[in-house]
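*Asks:* Before I ask anything, here is the structure I am working with.
Chains as they are written, first to last, in the numbering used here: chain R, 5 to 133; chain V, 5 to 133; chain G, 5 to 133; chain S, 5 to 133; chain W, 5 to 133; chain E, 5 to 133.
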């Protein structure tokens, strides 16, 4: 499946996405493109990864904290797992991520952080293997 | 109203709260203590401002981003206004806060960031006067 | 405006609503009925106040805790104010409501309970006047 | 304040925004642009009003239902008021909007629809004056 | 298990539920009734499927959009899968549902629509088999 | 893994946690402690189980209703399962819990209670085995 046009926004978004999420994850996602979801992947590559993530006003490392905090608060766990890896790629340590999760408990409630700890624990174990 | 015990957790929390939110805000809050809300103020001074904010693993500047992002995502606007001032006190610029709000729109939706822009715009105008 | 049919569900719901929320509140609401909102008032009188609140399996006092906890968690403040008065009518004290709000902070986050404290404080002041 | 570049995405988004929200609302918003919020207005004009609203796969009338339903569910009332006017402009009647609000109560809970009824009632009264 | 009384509301609700969700789904649900959940199934058959879905003011096809949009926004994925099939039964195409999901991303955030795309993709694959 | 200090808050919180959740659950959780999650377990043992649950103003039975209602409303299902067992330990019957779930549907929406019914049904079946 290769419907994505090679316009400038798409190219810049695809590069940023690959930089943050890593080749393994992006390759897998691209392999799963099909007639139903391809428009969506194009849409977020341009609208999120280019239009927002490449803006110069904030370094990617800080964008990772905003992202993780928002998705933890809203219980978007697919996205949390994804951006947890992105946060490590962008320079955060596991210890710092643990602190973000503890901190978030005050504002998003203990259950959100409790679940985030489980997700992070599992992902860190997978990465250690 | 002065029910707050001078234990170590309370003292450390009260100091952190004053450092992040500023004397003007804390003085006003303390003046509003009464028989109904005093336990609550003691509770968050110890449980949030001491037990979480004074933890060494993450600098207050980063704690401000986590806080702002979570409360923006959940629509807690009282808290957003409060911690917007805290974020400035902890070293973020208005331009960087604008970028956080734009970034959060991808993950929390445009309406949350749209409202956050209005709140931030009003607070920055008040602070300029 | 008096479109509400006098069927059994409506009558039982209207009686429960009046018992929990009080005459003053219901009289004001009924006075505000108009061509746009009248269907809605009929709908909740039957669907919420009769079909749910009059079920025998749980006393109204406990239904008030469920209600307050859910609307605090979801930030429905109109409904929180309304059901705070209902909770007092159903037998809870101000001290117990304060404890519910403090307890909820663990699970819904500090900002939700912080706002609930403000709302409760204002309502209790109004009621004291 | 006139930082918005006249690129194609901006022009198409601005036209759609004006068509859905009406001149009065857009003129007021544009007058409120300033150094802080101008990037944001440009961002949503391109990213929401052009990239999403002008997509051919769904008529604007249906986009209005999706929008109203999502913002009602999430309690984004600024956006609800705004898009309520947009829904009328896109061909929905007040009666149909009332039905959407009643329907949404099943899935988003009674308090969300209760508040939506109040907002809609106020806006419809303003428009009748 | 067959505790459901054959009152008018129950009969009309059961018929609408069957029409929207299809026999296969309803048969499976009815087979899972037991002493614990039977009251609940009766409750939603009357309160949601009769009292709301059979109201004349809005055709079922539009009710499906409201439903899908609300549950996508709130992350109720069991209900999303259920009503995705209902939306197809009520006349929407897969392409139109894709557009609704892309549209919702603006208002509910990218992660909600990202997960909705996955759910829809899986269900459409199951249906094709 | 045994990093938890034996201070007074920790001891009182651990006792309350064991009383509400039961030995089986707590033993399993303690066995899963590791370098990453141990701080978190200490944090909630003190901050939630001691500082909040042991407060004298509200009996644990009522704290269970507040907890269940909040986590049902917010869709925190790990926590719902956990505290469903806690609610039984604190004196609620399965019938009463069913009523709480039906009641919550009015305020949190049908999908939240629909999912809660499934979770409760599964847990009650496990407990019967």
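Beta carbons are placed, not taken as given, at the ideal position from N, Cα and C, and that holds for glycine.
(1) Can you give the beta carbon distance from residue 86 of chain G to residue 112 of chain G, rounded, assuming they're within the 8 Å contact cut?
(2) Starting from residue 90 of chain V and walking both ways along the alpha helix (DSSP H), at which residues does that stretch end?
(3) Can you pull the chain E residues whose beta carbon is under 8 Å from the beta carbon of residue 112 of chain S, in chain order?
(4) For the stretch 53 to 80 of chain R, enumerate the residues whose C-beta is nearer than 9 Å to any C-beta of chain S, in chain order.
(5) Using a Cβ distance threshold of 8 Å, determine whether the stretch 36 to 45 of chain E contacts the stretch 64 to 83 of chain G, with at least three qualifying pairs required.
(6) Residue 130 of chain E by DSSP, collapsed to three states: which one?
(7) Which residue from E:30, E:73, E:57, E:103 puts its Cα closest to that of residue 47 of chain V?
(8) Among the residues of its own chain, which have a CB less than 6 Å from the CB of residue 7 of chain W, if the five just before and after it don't count?
(9) Apart from the five residues on each side of it in sequence, which residues of its chain come closer than 6 Å, Cβ to Cβ, to residue 64 of chain S?
(10) Could you confirm whether any beta carbon from chain S is found closer than 8 Å to the beta carbon of residue 101 of chain G?
(11) I'd like the list of long-range same chain contacts for residue 72 of chain S, defined as Cβ closer than 6 Å, with 5 residues on each side in sequence excluded.
(12) Does the beta-carbon of residue 1 of chain V have 16 or more other beta-carbons within 10 angstroms, so that it is buried, or is it exposed?
(13) Could you tell me if residue 5 of chain E is buried or exposed, where buried requires 16 or more neighbouring beta carbons within 10 angstroms of its beta carbon?
(14) To the nearest angstrom, how far is the alpha carbon of residue 70 of chain E from that of residue 107 of chain S?
(15) Out of curiosity, what's the CA-to-CA distance linking residue 21 of chain S and residue 97 of chain W?
(16) So residue 13 of chain E packs on residue 55 of chain E, CB below 8 Å; how close in whole Å?
(17) What span of residues does the alpha helix (DSSP H) with residue 19 of chain W cover, start to end?
(18) Please check the pair residue 62 of chain S and residue 103 of chain W, which I expect to be a contact at CB under 8 Å, by giving their CB distance rounded to whole angstroms.
(19) Does the beta carbon of residue 17 of chain W sit closer than 8 Å to a beta carbon anywhere in chain G?
(20) Could you tell me whether the Cβ atoms of residue 149 of chain G and residue 29 of chain V are closer together than 8 Å?
(21) Go through its chain and collect everything with a Cβ distance to residue 50 of chain S's Cβ below 6 Å, but skip five positions before and after it.
(22) Could you pull the start and end residues of the alpha helix (DSSP H) that residue 47 of chain E belongs to?
(23) Is the distance from the Cβ of residue 118 of chain S to the Cβ of residue 83 of chain G below 8 Å?
(24) Using a Cβ-Cβ cut-off of 8 Å, state whether residue 108 of chain G counts as contacting chain E.
(25) Leaving out five residues on either side along the sequence, give the residues of the same chain with a beta carbon under 6 Å from the beta carbon of residue 109 of chain E.
(26) Residue 37 of chain V by DSSP, collapsed to three states: which one?
(27) Contact criterion: CB-CB distance below 8 Å. Does residue 104 of chain S meet it with respect to chain W?
(28) Looking at C-alpha atoms only, which residue of E:131, E:52, E:128, E:40 is the closest neighbour of residue 132 of chain R?
(29) Got a sec: is the Cβ-Cβ distance from residue 41 of chain S to anything in chain V below 8 Å?
(30) Give a yes or no on whether 8 Å exceeds the smallest Cβ distance from residue 6 of chain V to chain G.
(31) Identify the contact partners of residue 28 of chain W in chain R, using a Cβ-Cβ distance below 8 Å as the criterion.
(32) Would residue 89 of chain S and residue 25 of chain S be called neighbours here (beta carbons separated by less than 8 Å)?
(33) Does DSSP classify residue 57 of chain W as helix, strand or coil?
(34) Would you please verify whether the beta carbon of residue 51 of chain R is less than 8 Å from any beta carbon of chain S?
(35) Hey, quick one: how far does the alpha helix (DSSP H) through residue 52 of chain S stretch, first residue to last?
*Replies:* In short:
(1) As a first step, residue 86 of chain G is located in the third chain; it is residue number 82 there, counting from the start. As a first step, residue 112 of chain G is located in the third chain; it is residue number 108 there, counting from the start. That belief does not hold up - the Cβ atoms of residue 86 of chain G and residue 112 of chain G are roughly 18 Å apart, past 8 Å.
(2) Taking the first residue of the second chain as 1, we reach residue 90 of chain V at position 86. That run of the alpha helix (DSSP H) goes 81 to 93.
(3) Indexing the fourth chain from 1 puts residue 112 of chain S at position 108. 113, listed in chain order.
(4) 55, 56, 59, 61
(5) no
(6) As a position in the sixth chain, residue 130 of chain E is number 126, starting the count at 1. DSSP places residue 130 of chain E in helix when its eight states are reduced to three.
(7) In the second chain, the residue the question calls residue 47 of chain V occupies position 43. Per the Cα distances, E:57.
(8) To locate residue 7 of chain W, count along the fifth chain from 1; it is residue 3. Bear in mind that the predicted position of residue 7 of chain W carries a pLDDT of just 49, short of 50, making it unreliable; the figure below should be weighed with that in mind. For residue 7 of chain W, where only same-chain residues beyond five positions count, the Cβ hits under 6 Å are 42.
(9) Looking up residue 64 of chain S in the fourth chain gives position 60. So the list reads 94, once near-sequence residues are dropped.
(10) Against the third chain, residue 101 of chain G aligns to sequence position 97. Judged by the 8 Å Cβ criterion, residue 101 of chain G is not in contact with chain S.
(11) Here the question's residue 72 of chain S lines up with position 68 in the fourth chain. Answer for residue 72 of chain S: 87, 91, listed in chain order.
(12) The requested residue 1 of chain V is not part of the displayed model; chain V covers only 5 to 133.
(13) On the sixth chain, position 1 is the one that residue 5 of chain E refers to. Confidence is the limiting factor: at residue 5 of chain E the pLDDT is only 44, short of 50, which leaves the residue's position unreliable and the question unanswerable from this model.
(14) Locating residue 70 of chain E in the sixth chain gives position 66, counting from the first residue. Locating residue 107 of chain S in the fourth chain gives position 103, counting from the first residue. Cα-Cα distance, rounded: 28 Å.
(15) To locate residue 21 of chain S, count along the fourth chain from 1; it is residue 17. To locate residue 97 of chain W, count along the fifth chain from 1; it is residue 93. C-alpha separation (whole angstroms): 26 Å.
(16) Taking the first residue of the sixth chain as 1, we reach residue 13 of chain E at position 9. Taking the first residue of the sixth chain as 1, we reach residue 55 of chain E at position 51. Indeed, because the Cβ distance is near 7 Å, the residues count as touching under 8 Å.
(17) As a first step, residue 19 of chain W must be located in the fifth chain, where it is residue number 15. 12 to 25 is the extent of the alpha helix (DSSP H) around residue 19 of chain W.
(18) Position 58 of the fourth chain, counted from the start, is the residue given in the question as residue 62 of chain S. Position 99 of the fifth chain, counted from the start, is the residue given in the question as residue 103 of chain W. The pair is a contact, with the Cβ atoms about 4 Å apart (cut-off 8 Å).
(19) Position 13 of the fifth chain, counting from 1, holds the residue named residue 17 of chain W. No, its Cβ sits nowhere closer than 8 Å to a Cβ of chain G.
(20) Not covered by the structure: residue 149 of chain G. The range shown for chain G is 5 to 133.
(21) As a first step, residue 50 of chain S must be located in the fourth chain, where it is residue number 46. These residues qualify, in order along the chain: 13, 14, 17.
(22) Position 43 of the sixth chain, counted from the first residue, corresponds to residue 47 of chain E. Note, residue 47 of chain E: alpha helix (DSSP H), 42 to 48.
(23) Taking the fourth chain and counting its residues from 1, the one referred to as residue 118 of chain S is at position 114. Taking the third chain and counting its residues from 1, the one referred to as residue 83 of chain G is at position 79. Yes.
(24) Here residue 108 of chain G corresponds to residue number 104 of the third chain, with the count starting at 1. So, interface residue.
(25) For the purposes of this step, residue 109 of chain E is taken as residue 105 along the sixth chain, with counting starting at 1. So the qualifying residues of the chain are 117.
(26) Taking the second chain and counting its residues from 1, one reaches residue 37 of chain V at position 33. The answer is coil: DSSP assigns residue 37 of chain V none of H, G, I, E or B.
(27) The residue given as residue 104 of chain S occupies position 100 in the fourth chain. It does; some Cβ of chain W falls within 8 Å.
(28) Translated into the one-based positions of the first chain, residue 132 of chain R becomes position 128. It is E:40 whose Cα lies nearest to the Cα of residue 132 of chain R.
(29) Taking the first residue of the fourth chain as 1, we reach residue 41 of chain S at position 37. Yes, its Cβ sits closer than 8 Å to a Cβ of chain V.
(30) One-based indexing of the second chain puts residue 6 of chain V at position 2. Residue confidence is low: residue 6 of chain V scores 46 on pLDDT, short of 50, so the model does not pin down where it sits. Its coordinate-derived value is still stated next. Answer no: the Cβ-Cβ gap between residue 6 of chain V and chain G never drops below 8 Å.
(31) For the purposes of this step, residue 28 of chain W is identified with residue 24 of the fifth chain, where counting begins at 1. Near residue 28 of chain W there are no residues of chain R at all, since even the closest Cβ is about 22 Å away, more than 8 Å.
(32) What you label residue 89 of chain S is simply residue 85 of the fourth chain in a count that begins at 1. What you label residue 25 of chain S is simply residue 21 of the fourth chain in a count that begins at 1. Yes, the Cβ-Cβ distance between residue 89 of chain S and residue 25 of chain S is below 8 Å.
(33) The residue you call residue 57 of chain W lines up with position 53 of the fifth chain. It is coil, neither helix nor strand.
(34) For the purposes of this step, residue 51 of chain R is identified with residue 47 of the first chain, where counting begins at 1. It does: the Cβ of residue 51 of chain R has a partner Cβ on chain S nearer than 8 Å.
(35) Counted from its first residue, the fourth chain places residue 52 of chain S at position 48. Where residue 52 of chain S is concerned, there is no enclosing alpha helix (DSSP H), given that its DSSP letter is neither H nor E.
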